[in-house]
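Asks: In our numbering, the protein residues as written are 234 to 349.
The beta carbon of each residue, even a glycine, is placed where N, CA and C say it ideally should be.
#1: Please report how far the alpha carbon of residue 269 lies from the alpha carbon of residue 255, in whole angstroms.
#2: At the level of alpha carbons, what is the spacing between residue 307 and residue 241?
#3: What's the C-alpha gap between residue 280 and residue 345?
#4: Alpha carbon to alpha carbon, what distance is there between residue 260 and residue 295?
#5: Beta carbon of residue 304, beta carbon of residue 251: below 8 Å?
#6: Based on DSSP bridge pairs, tell me the residues matched to residue 270.
#7: Going by DSSP, what residues sit across from residue 326 in a beta bridge?
#8: Assign residue 251 to one of three DSSP states: helix, strand, or coil.
#9: Do you know whose CA, among 292, 258, 343, 312, lies nearest residue 329's CA?
#10: Taking residue 298 as part of the beta strand (DSSP E), name the residues at either end of that continuous run.
#11: How big is the Cα-Cα spacing for residue 313 and residue 286?
#12: So, with DSSP's three-state summary, where would you put residue 292?
Here is the structure:
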C-alpha cells in the first residue's frame, strides 16, 4: 500500500486545525510577487477574523469571494508575506491548468467548525 506518501499518525493529523471560514472581505494584493488577493476570513467567535494571502486571481474575483465558505488551517504560525501577516492558510487544489480551486464545504456549515 506504499504510494510514496510519508505515513503520519492519527495524532499528527489531529494537530492540524482545519476549520470552516467565511470570506468577509477580499481585496487586491498589488505588493505580492505573484497575483494574489488578501482575504479576511471569519472563523467564528472562538477564532475571529484572520487574514491570508491567496493566489486565486485566475478563477475568482473579490466580488465572487465575499460570503463564500472555505476550509482553512488556523494553527500555523503567522507568516510575513510582503506587507501583510498571513494568519491562516486557505486550502485549495491545482486544476489541470495549474490554477487554484478553493477547498469548500459541500453544504452550509457554521464558521469555526472543525473538520472531523
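Replies: Once the coordinates are examined:
#1: To locate residue 269, count along the chain shown from 1; it is residue 36. To locate residue 255, count along the chain shown from 1; it is residue 22. Their Cα atoms are separated by approximately 18 Å.
#2: Taking the first residue of the chain shown as position 1, residue 307 is located at position 74. Taking the first residue of the chain shown as position 1, residue 241 is located at position 8. If I take the Cα positions, the gap works out to 20 Å.
#3: Position 47 of the chain shown, counted from the first residue, corresponds to residue 280. Position 112 of the chain shown, counted from the first residue, corresponds to residue 345. Taking the straight line from one Cα to the other gives about 7 Å.
#4: For the purposes of this step, residue 295 is identified with residue 62 of the chain shown, where counting begins at 1. For the purposes of this step, residue 260 is identified with residue 27 of the chain shown, where counting begins at 1. About 6 Å.
#5: Along the chain shown, read from residue 1 onward, the residue named residue 304 stands at position 71. Along the chain shown, read from residue 1 onward, the residue named residue 251 stands at position 18. Yes, the pair counts as a contact, with Cβ atoms nearer than the cut-off.
#6: The sequence position of residue 270 within the chain shown is 37, counting from 1. 261, 287.
#7: Residue 326 sits at position 93 when you count from the first residue of the chain shown. Partner(s): 334.
#8: Counted from its first residue, the chain shown places residue 251 at position 18. The answer is strand: DSSP assigns residue 251 an E or B state.
#9: Within the chain shown, numbered from 1, the residue matching residue 329 stands at position 96. Per the Cα distances, 292.
#10: Your numbering for residue 298 matches position 65 in the chain shown. From DSSP, residue 298 is part of no beta strand (DSSP E) but of the alpha helix (DSSP H) over 295–298.
#11: As a working mapping, residue 313 is identified with position 80 in the chain shown. As a working mapping, residue 286 is identified with position 53 in the chain shown. Taking the straight line from one Cα to the other gives about 10 Å.
#12: Counting from 1 along the chain shown, the entry for residue 292 is found at position 59. Reduced to three states, the DSSP call for residue 292 is coil.
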